[in-house]
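Read left to right, the sequence shown gives residues 1 to 108 (the working numbering).
Glycine included, C-beta positions come from ideal geometry on N, C-alpha and C.
These notes concern the structure reproduced below.
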Amino acid sequence: MHPDQAAGDIVDFAIQRRIPFAITPCCVYGNSFPRRKTSDGVPVRSYQQLCQWLLEKHPAIRRRVLDFEGKNVCIYMPKDGYETPDLKGDDALPPSDSLDKETHQYEP
């Protein structure tokens, strides 16, 4: 699902109800959400920071790079994610310098 401005609300809703979810965040909307900050206090202004902020909402949330052009990071909670809260994401987001500035795409 491409959630636009509802990305954080979708994740929060799913976590509160223990529902599996999958979203592919796209637009950051930094000016619309000035209070969004990563766990280290950095305001969410970039695509990488948005993905990190979403991943930090629950320790079992995972990420997967999808094999298509464009914004291709899927943030998801697996069906059994709420039963294994000590899990971390599949891997950390790649360094921001590995993000293609034109396509905003990470390599799978």
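Q: Take Ile23 as the anchor and find which of Ser32, Arg17, Asp12 has the nearest alpha-carbon.
A: To locate residue 23, count along the sequence shown from 1; it is residue 23. Comparing Cα positions, the closest option is Asp12.
**Q.** Supposed contact pair Met77 and Ala14 - C-beta distance, whole angstroms, cut 8 angstroms
**A.** As a working note, residue 14 is residue 14 in the sequence shown. As a working note, residue 77 is residue 77 in the sequence shown. About 6 angstroms separates the two Cβ atoms, so the contact holds.
Q: Take Asp4 as the anchor and find which of Lys57, Arg17, Lys71 has the nearest alpha-carbon.
A: Locating residue 4 in the sequence shown gives position 4, counting from the first residue. Comparing C-alpha distances from Asp4 to each of Lys57, Arg17, Lys71 shows the shortest one belongs to Lys71.
Q) Which two residues bound the contiguous alpha helix (DSSP H) that contains Phe13? A) Mapped onto the sequence shown, residue 13 falls at position 13. Per DSSP, Phe13 belongs to the alpha helix (DSSP H) from 7 to 17.
Q | Outcome for Gly41 when other beta-carbon atoms lying within 10 angstroms are tallied against a minimum of 16 | A | As a first step, residue 41 is located in the sequence shown; it is residue number 41 there, counting from the start. That one is exposed.
(Q) Classify Ile75: buried if its beta carbon has 16 or more other beta carbons within 10 angstroms, exposed otherwise. (A) Locating residue 75 in the sequence shown gives position 75, counting from the first residue. Buried.
Q.
Taking the alpha-carbon of Ser39 as reference, which of Gln49, Arg63, Cys26, Val28 has the nearest alpha-carbon?
A. By 1-based counting over the sequence shown, the position of residue 39 is 39. Ser39 has its Cα closest to that of Gln49, out of Gln49, Arg63, Cys26, Val28.
Q.
Which of the three DSSP states is assigned to Cys26 in this structure?
A. By 1-based counting over the sequence shown, the position of residue 26 is 26. Residue state, collapsed to three classes: coil.
Q) According to the neighbour-count rule (16 or more other Cβ atoms, all chains shown, within 10 Å of its Cβ), is Arg18 buried or exposed? A) On the sequence shown, position 18 is the one that residue 18 refers to. Arg18 is exposed by the Cβ-count criterion.
Q. Between Pro25, Cys26, Tyr29, Phe21, which lies nearest to Tyr82 when the distance is taken from Cα to Cα?
A. Position 82 of the sequence shown, counted from the first residue, corresponds to residue 82. Checked all of Pro25, Cys26, Tyr29, Phe21; the closest Cα to Tyr82 is Phe21.
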